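Chains as they are written, first to last, in this note's numbering: chain H, 167 to 403; chain Y, 790 to 1065. Just so it is clear, CB atoms sit at the ideal spot from N, CA and C, and this is done for glycine as well. All values derive from a computational prediction rather than experimental measurement.
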Amino acid sequence: MLASATAWWAPKAGNAAQEYEDAYAVEAAALRFAVADGASETSFAKQWAEMLVDRFVHEPPAPAGLREWVAPMQAAWAGANQPKATAWYAEEKARDGAFSSLLGLAIDHGRWRAMAIGDSCLFVVRSGKILRAFPLDKAEQFSNRPVLLSSVARANQRVWDEVRSDEGELQGRDQLLLMTDALAQWFLVEAEMGRRPWAALAKATTQEAFSAFVDLLRSGGALRNDDTTLVRIEVAA
Amino acid sequence: MSYEAEVSRGNPSAFLFLIDMSGSMTDPYAGGKRKADSVADAINKLLSNLSIKCTKSEGVRDYYEVGVISYGKQVAPALGGELAGQTLASISNVANHPARVEERTKKEDDGAGGLTDIKVKFPVWFDPKAAGATPMCKAFKLAHETLAPWVAEHKYSFPPIVINITDGESTDGDPSEDAAAVRALETQDGNALLFNCHISGAQGSSVLFADAEEGLPDQFAKLLYSMSSVLPEGIRDGAQREGFPVSEASRGFAFNADLVELIRFLDIGTRPSNLR
């Protein structure tokens, strides 16, 4: 099955580009894709989100094997990402770990399989309709406190029961859209009002066009001011 | 729409703590500790939590300005060390200048079903010095004086949150009017919020986020309740998520909260919105 993918992103307005703490990875040959949203209240969230998406597209976890999949990254984190700084708050913050959502998608033998922790979302669009919204399917389900995957093991005790997975078959011309929470919430609000948000996103064919579109939505109050990421996959006819 | 401003470095928020350090605060409280020591621990813990919350990879981001005013023998700014004399300091300044950093041991889940002792840093900004009367009116006047220019300079910010912690009766008159003047300060996002924590010696079970005067044991508790702001929706939701029974009438008023509850009360009360 052939598919093409594009990925666009925009930092939260008022923040610098290097303060963007979402992450995405596209491994077109293997047909694996991931987005992650590093929690802004944690330190080194960007690095943790990057680590998760990179490993997902290169060595995806076995179904039900997420705990084992995360463990070596936590070990690497404990070894490598301790700040050299001696400030008391840097030390305390490092002990708390970094947190991130993770949404991973793999396409294989005409089917898609996805796993998610937190509120980054996948939408499968076919023939002008949302065929599947995962893991959230209503705009009201977004909260400020999603369950997130941590870089320290002790903080993940409650995560394992919250891992969601889903799968389905694919047809030619299907669109798969992966996005972090602010854009996903906007997407569901639009769909609930009978509009076609996937068509609006399809018009953003360059990074500049996507940034301009995000600015427009934010200035009208339709899009929450947050780091914003979109991976858009089109299945060939 | 009120109390919806996003807290950012461009539009920071402010917290001002008013701490009763009158002579009666040396009385023992829950757990046998002196009231003054329990309150100081709570304030230090809260300043530590706020600093850590604002810590990012590159350092501490100035999402907040924070001040501590103690009232007793004197009414004066009470942060120690290099911050002595400042009524409001940026959170990065606070984080970088505790009066000292102690090391304490705490038990922590080891992630494998057991507990492990870990050493944690416990910074101290505020040391209790309890003596004298309870000039609460004067404390509110200093809060007003501190925050009036702040709201003028931060028109688009989430309004300041003032948290008054006391064991009871004002000795320089009825503080209602001075408290009302503090609550009347406003940004475009709403009026300043005034929360009161009553560390009473009186009988009565602890109440957090009270929503009625009935059931409060004495006139001082009732007076402090009447001076407390109704919780805005965001803070009310936070309290609800943490399992507190709250209603639309709930106020930022805590009665006889123990140390752990006091810290939770302060933690919820200083979470005007998250920083996403």
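- Message: Suppose the cutoff is 6 Å on Cβ atoms and the five residues either side in sequence are ignored; what does the same chain contact list for residue 178 of chain H look like?
- Response: 391, 392 and 393
- Query: Under a three-way DSSP split, which group does residue 358 of chain H fall into?
  - Reply: helix
- Task: From the DSSP output, read off the bridge partner residues of residue 864 of chain Y.
- Result: Y:860
- May I ask you to list, following chain order, the residues of the region 887-908 of chain Y that have a beta carbon less than 9 Å from some beta carbon of chain H? 887, 890, 897, 898, 899, 900, 901 and 907
- Can you have a look at residue 943 of chain Y and say buried or exposed, based on whether 16 or more other CB atoms are within 10 angstroms of its CB? buried
- Message: Please list, in chain order, the residues of the region 1009-1025 of chain Y that have any C-beta partner in chain H closer than 8 Å.
- Response: none
- Same chain, Cβ closer than 6 Å to residue 947 of chain Y, neighbours up to 5 away in sequence not counted: 794, 796, 802, 978 and 1061
- Buried versus exposed, by CB contacts within 10 Å (16 or more), residue 841 of chain Y: Counting of Cβ neighbours within 10 angstroms places residue 841 of chain Y among the buried residues, the total reaching 16 or more.
- List in chain order: all unbroken alpha helix (DSSP H) runs of 4+ residues lying wholly within the region 324-394 of chain H. Listed in chain order, the complete alpha helix (DSSP H) runs (minimum 4 residues) inside the region 324-394 of chain H are 347-358, 363-368 and 373-385.
- Please confirm if residue 795 of chain Y has its CB atom under 8 Å from at least one CB of chain H. yes
- Should residue 957 of chain Y go down as buried or exposed, given a rule of 16 or more other Cβ atoms within 10 Å for buried? buried
- Message: Tell me which residues of the region 199-214 of chain H have at least one Cβ-Cβ distance to chain Y shorter than 7 Å, keeping chain order.
- Response: 206, 207, 209 and 210
- Query: With burial defined as no fewer than 16 other Cβ atoms inside 10 Å of the residue's Cβ, what is the status of residue 242 of chain H: buried or exposed?
  - Reply: exposed
- Exposed unless 16 or more other CB atoms sit within 10 angstroms - verdict on residue 187 of chain H: buried
- Task: Report yes if the CB atom of residue 333 of chain H is closer than 8 Å to the CB atom of residue 283 of chain H, and no otherwise.
- Result: no
- Query: For the putative contact between residue 240 of chain H and residue 183 of chain H, defined by C-beta atoms under 8 Å, what is the C-beta separation to the nearest angstrom?
  - Reply: Wrong, their Cβ atoms sit about 28 Å apart, outside the cutoff.
- Item | Three-way DSSP call (helix, strand, coil) for residue 909 of chain Y in this model | strand
- Message: Taking only three categories from DSSP, how would you classify residue 405 of chain H?
- Response: Nothing about residue 405 of chain H can be reported from this structure: the residues present for chain H run from 167 to 403 only.
- Query: Can you find a CB in chain H that lies within less than 8 Å of the CB of residue 1059 of chain Y?
  - Reply: In terms of beta-carbon proximity, residue 1059 of chain Y stays away from the interface with chain H, with every pair separated by 8 Å or more.
- Could you please tell me which residues of the region 224-250 of chain H, in chain order, have their CB closer than 7 Å to any CB of chain Y? none
- Compute every distance between the C-beta of residue 184 of chain H and the non-hydrogen atoms of the ligand SAM, then say whether any falls below 7 Å. Questions concerning the ligand SAM fall outside what the structure shown contains, since it holds no ligand whatsoever.
- Item | Beta-carbon neighbours of residue 320 of chain H, restricted to chain Y and to distances below 9 Å | 897, 898, 899, 900 and 901
- Task: With a threshold of 16 other CB atoms inside 10 Å of the CB of residue 277 of chain H, please say whether the residue is buried or exposed.
- Result: exposed
- Query: Counting Cβ pairs closer than 8 Å, one from the region 196-211 of chain H and one from the region 266-277 of chain H, do we hit at least three?
  - Reply: With a cut-off of 8 Å on Cβ pairs, the region 196-211 of chain H is in contact with the region 266-277 of chain H, counting three or more such pairs.
- Item | beta strand (DSSP E) segments (min. 3 residues) lying fully within the region 950-1020 of chain Y | If we require 3 residues or more, the beta strand (DSSP E) runs fully inside the region 950-1020 of chain Y come out as 950-955 and 982-987.
- Query: What residues in its chain sit with their C-beta under 8 Å from that of residue 883 of chain Y, if we drop five residues either side in the sequence?
  - Reply: 836, 839, 840, 855, 868, 872 and 914
- Message: Extract the residue ranges of the alpha helix (DSSP H) inside the region 798-874 of chain Y, only unbroken runs of 4 or more that lie entirely within it.
- Response: 824-842
- Message: Excluding the 5 residues flanking residue 330 of chain H on each side, which residues of the same chain have their C-beta closer than 6 Å to its C-beta?
- Response: Apart from the 5 residues on each side of it in sequence, residue 330 of chain H sits with its Cβ closer than 6 Å to the Cβ of 282 and 301 in its chain, given in chain order.
- Can you give the beta carbon distance from residue 397 of chain H to residue 171 of chain H, rounded, assuming they're within the 8 Å contact cut? 6 Å
- Chain-ordered chain Y contacts of residue 350 of chain H [CB-CB under 8 Å]: What residue 350 of chain H touches in chain Y: nothing, since even the nearest Cβ is about 14 Å away.
- Mind checking which residues open and close the beta strand (DSSP E) that includes residue 282 of chain H? 277-283
- Could you name the residues of the same chain whose beta carbon sits closer than 6 Å to that of residue 1000 of chain Y, not counting the 5 residues immediately before and after it, in chain order? 1036, 1038 and 1039
- Message: Taking only three categories from DSSP, how would you classify residue 929 of chain Y?
- Response: helix
- Query: What separation, rounded to the nearest whole angstrom, lies between the Cα atoms of residue 289 of chain H and residue 272 of chain H?
  - Reply: 14 Å
- Task: Determine whether the Cβ of residue 866 of chain Y lies closer than 8 Å to any Cβ atom of chain H.
- Result: no
- Task: Using a cut-off of 8 Å between C-beta atoms, extract the partners of residue 946 of chain Y located in chain H.
- Result: In chain order: nothing, as chain H lies at least about 14 Å away.
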